Amino acid sequence: MKRVLFLALASLASLPGYPQSHPQSSPNNPDSVFLFSYATPKDNGHSGLHFAWSADKKTWTLVGNEYGYLKSDYGEWGSQKQINSPYLFQDHDGQWRCVWSLNTSTNQFATAASTNLTNWGRQSYPYLEQNQSFRQPVVHYDNTTKDYSIAFISGDQYLVTTTKDFKVFNPATPIPASQYTDDRVTATLPQAPGSLSSGPGTENIPTVAITGNLSKVPRQVIAKLNQFSQQVESKASQAREENPKNDSLRFAGIPSVAATITLQPEKRKPISDRLIGVFFEDINYAADGGLYAELLQNRDFEYTPHDRKYNDTAWNSKHSWTAKGLGFTIDSSAPLHPNNPHYAVLNAASSGGALINSGYDGIPLKKGGQYECSLFARSPDGKSKDMLIKLVAQDGSVLAQATLQTHAQQWQKYTVRLTARADAANARLELQMSTAGRLMLDMVSLFPKNTFKSRSNGMRADLAEAIAAIHPGFIRFPGGCVSHGDGLDNIYRWKNTVGPIETRKPQPNIWRYHQSVGLGFFEYFQYCEDIGAEPLPVIAAGVPCQNSSLTAKGGGQQGGIPISEMDQYVQDILDLVEWANGPATSKWGKVRAASGHPATFHLKYIGIGNEDLISDVFEERFTMIYKAVRQKYPDLTVIGTVGPFYMGTDYEQGWALASRLKVPIVDEHYYESPGWFIDNQGFYDQYDRTKPKVYLGEYASWGNTLFNALSEALYLTSLERNGDVVQMASYAPLLAREKHTQWNPDLIYFNNTEVRPTVNYEVQKLFGNNAGNEYLPSIVELSVAPTVQPSAPTGQATASSTPQDDLQALRKRVGVSVVRDTANGAVFIKVVNLLPLATTVKLDLGDLAKGRQAEKYVLHGLPNDKTAPLKVSAAVPASNILNETLPPYSLTVWRIIPSPH
Ligand code: AHR
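Each number in this note's numbering comes from the position in the sequence shown (counting from 1) with 277 added on.
The structure is reproduced here in structure tokens:
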């Protein structure tokens, strides 16, 4: 609710206490220095809020080498996320606050607070009136009224808004120019090394003049700021060291390594039995043009330039279609279904003309393969019209053909079957008119008959099988960012994705293409059931993606679903649970049953939110949804969200909120370098076991080499060790169509005819297929020389007799995990050797090997290899002592499994 209260800046200026927000200079205090806060115009404020300090306001020193202590999270990556003209001040409670401009046009501004200038709280982006913009804010505090006023420039006007708490802001009102006083100063700063403006020709310019504002702070503030950025930089540089390029030098002179692993079965602990799962998102053409087996592109004529933010006019209803010898227009006056307004109108003056679809990079055909072509047609004159449906190779040869007769004046579905006479990588579908006249067409579809498990409207078999081969414990869908969408109107609404395909509502894909939603919630659930994975739908928390592009309604997440519409939104989520788990007689269970699945889907998990900006807007909506779901479905496990990084404001705020609400599991995301994964194997060791559990919903190490994959494997051994906290983990993204990627790396690449799993996929598969529900801790002792070393924390390696650096390095590069499946007593031992050295492993299995057989799987190669052969050794009777040498850069898995009877 907004209070209307106008306080003119002039009157504020005359009030006692004004301008309290300005740092009080204290020349007698030698321990105080001037803090200059600024953003650099050279990168439009993308690098955030910086500091410099000076004792005399003349000679300035950069703090943290121009480290960005606060970064804007407003709007899209690339063009947005700017801090412009920041105004930093200490409020009357001593808290630091920053107010900044987001860009030159948006009718929002930004504010955030911090107690120490390093850890910042939530950002919020209050709205101004339409058409008001926000530049050069200047903040003052009125000690009498306890109001803060923010004077700013909007176009050619000066305005002021007031607030008491930086949550509720009064409408901005104009002030005369004379009442706007900008007290920013210009400082001459040394240029930061590596600065964007220090390009060729500027080597001799050591300083740069920057405008910012001044505060006075104790010297120790500068020390703490420097310390903070140095810690960040030193961790980053340590992670950069973990690079195969350095390995031969770093490990030179070290003879081979020996690892003695001592199991501690008495310390066994239960761990999640669904740790390894998959993350599915329609990114990189993973759904349309990917897992969804539909072979035609733009079958519904619903492509629109809007899908591509109006940057591609060829991306329209006619995309992927061409006409030969007939008129082809698009109409929407009498659609097949309101959710699919556009359809094709064919005008054939004579027979022989055709409408042609080129599929996704062509249509792949298999000799002898059967294909079902279906379409909806309407003959406005009511006369029957014949068509020849043809599959045509690049050279013009017809590989399959069938006749279809349309007759109805109203929309009607027709289906023909085709059998391909030969293989083709790049065929096309031709709908050839054998009769002259007008015909309307929509939902023109071509499906292979051999979809995964022969499901109709099903999945591409080879891709579905490749995913199933991971043996995932769960599948998360429909994203990622696709779940919360590009702005409010693009939030993924599950109800639009079930039912007959012609009634589903397609929409732009946040990755700038088109979602037909042919692969919708029914198909996702069915697939999960088919492969024995738990379905994990992730639903937007009433806010769109924090990286949403700007719209008339503003950008970022400030634009949550209006509270007046939230009841209905919450109801939609409750309806999803009924749709999945309700009896076929219930309202939504009936809808599921009508799709051919009267039995329930046993939904156990639901994700609310995807790495959202944890703002007040988010909290309000998340809490509404969470409470409603918990109340109606107390047995359902709700998974909350804690931002896109392993640290920072959203992580801290997300964890605080989830802990407060007692959310059972939170979804963490991080994409980092291999070095980060190597250095952070202890990440979950110290997690508070009484707090929410973790779903590591998105992670990857920025690469598809064996080194990347093994760094992920190393980390996975630490996830198994912490499988009492980390309940689920999914590498992201999963699928990528070659030449159509918006994100790299991915787990499985594909084209029309081939599936190309990465070496990271092999790691996921080895962990997925060798999972247990019990963790057997072990002590790992490394030796590189005759000396034997002291013990290490369970599952982590120690070493001795080498220089200190090498000890550290060796410890980090060997990962061990032993898990057991209590159902059949199988034991799975995984050892990652990320050293460039052979490592001998000795492990006494004792009774665990009794009457068992052992299989061995070894993945290894050179660190930069993009593929690595998986060597599988035939099963042999398991010996109780494992004593083997592991090759450099390898993952070895032993399966100690019951012998066949
Ligand atoms: O996995 C790709 C994207 O990364 C996801 O859509 C999003 O959640 C994350 O930022």
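We put the CB at the ideal spot given by N, CA and C, even for glycine.
Please read all numbers here as calculations on a predicted model, not as lab measurements.
Going by other Cβ atoms of all chains shown within 10 Å of its Cβ, with 16 needed for buried, is residue i buried or exposed?
i, result
"residue 1025", "buried"
"residue 1169", "buried"
"residue 354", "exposed"
"residue 966", "exposed"
"residue 1204", "Since the first residue shown for the chain is 278 and the last is 1178, residue 1204 is missing from the structure and cannot be characterised."
"residue 1042", "buried"
"residue 1166", "buried"
"residue 1148", "exposed"
"residue 908", "exposed"
"residue 414", "buried"
"residue 532", "exposed"
"residue 958", "buried"
"residue 1076", "The predicted position of residue 1076 is uncertain, since its pLDDT is 45 and thus under 50; no value can be drawn from it."
"residue 393", "exposed"
"residue 337", "buried"
"residue 327", "buried"
Can you give me the C-alpha to C-alpha distance between residue i and residue j, rounded to a whole angstrom?
i, j, result
"residue 672", "residue 382", "53 Å"
"residue 1171", "residue 1052", "15 Å"
"residue 934", "residue 917", "9 Å"
"residue 1114", "residue 1086", "12 Å"
"residue 344", "residue 1088", "31 Å"
"residue 540", "residue 1055", "4 Å"
"residue 756", "residue 942", "17 Å"
"residue 705", "residue 568", "20 Å"
"residue 1047", "residue 1175", "14 Å"
"residue 651", "residue 669", "17 Å"
"residue 1002", "residue 1141", "33 Å"
"residue 301", "residue 493", "Note that residue 301 scores 40 on pLDDT, short of 50, meaning its location in the model is unreliable and no value can be drawn from it."
"residue 286", "residue 498", "Interpretation of residue 286 is limited by its pLDDT of 30, a score under 50 that renders its predicted location unreliable; the figure taken from the coordinates is listed afterwards. Roughly 31 Å separates the two Cα atoms."
"residue 274", "residue 872", "Residue coverage of the chain in this structure runs from 278 to 1178, which leaves residue 274 outside it and unanswerable."
"residue 1135", "residue 1039", "10 Å"
"residue 400", "residue 881", "33 Å"
"residue 1164", "residue 538", "17 Å"
"residue 1104", "residue 857", "35 Å"
"residue 717", "residue 1004", "52 Å"
"residue 407", "residue 448", "11 Å"
"residue 629", "residue 620", "21 Å"
"residue 697", "residue 640", "12 Å"
"residue 962", "residue 920", "20 Å"
"residue 1173", "residue 388", "57 Å"
Compare the C-beta of residue i against all C-beta atoms of chain D and say whether one is closer than 8 Å.
i, result
"residue 323", "Absent from the structure: chain D. Only one protein chain is present."
Could you tell me whether any non-hydrogen atom of the ligand AHR is closer than 7 Å to the CB of residue i?
i, result
"residue 805", "no"
"residue 353", "no"
"residue 1009", "yes"
"residue 949", "no"
"residue 375", "no"
"residue 567", "no"
"residue 945", "no"
"residue 975", "yes"
"residue 920", "no"
"residue 887", "yes"
"residue 560", "yes"
"residue 764", "no"
"residue 758", "yes"
"residue 592", "no"
"residue 397", "no"
"residue 1020", "yes"
Subject >> Inter-stretch contact at 8 Å, needing at least 3 Cβ pairs: the stretch 949–963 / the stretch 512–525 >> reply: yes
Subject >> Stretch pair the stretch 735–747 + the stretch 634–651: three plus CB contacts closer than 8 Å >> reply: no
Original post:
Between the stretch 971–984 and the stretch 1148–1160, do at least 3 Cβ pairs fall closer than 8 Å?
Top reply: no
**OP:** Run through the stretch 422–466 for me and flag every whole beta strand (DSSP E) of 3 or more residues, listed as ranges in chain order.
**Re:** 424–431, 434–440, 450–452
Original post:
Which runs of the alpha helix (DSSP H) spanning at least 4 residues fall entirely within the stretch 1080–1139, listed in chain order?
Top reply: 1081–1089
Original post:
Counting pairs of Cβ atoms below 8 Å between the stretch 718–725 and the stretch 570–580, do you hit three or more?
Top reply: yes
**OP:** Determine, using beta-carbon pairs with one atom in the stretch 657–668 and one in the stretch 707–714, whether at least three such pairs fall under 8 Å.
**Re:** yes
Original post:
Within the chosen definition, does the stretch 780–799 reach the stretch 605–612 through at least 3 CB pairs nearer than 8 Å?
Top reply: no
Subject >> the stretch 899–907 / the stretch 859–877 touching (three or more Cβ pairs under 8 Å) >> reply: no
Subject >> Completely contained beta strand (DSSP E) runs for the stretch 306–385, where each covers 3 or more residues >> reply: 309–315, 327–331, 361–367, 373–378
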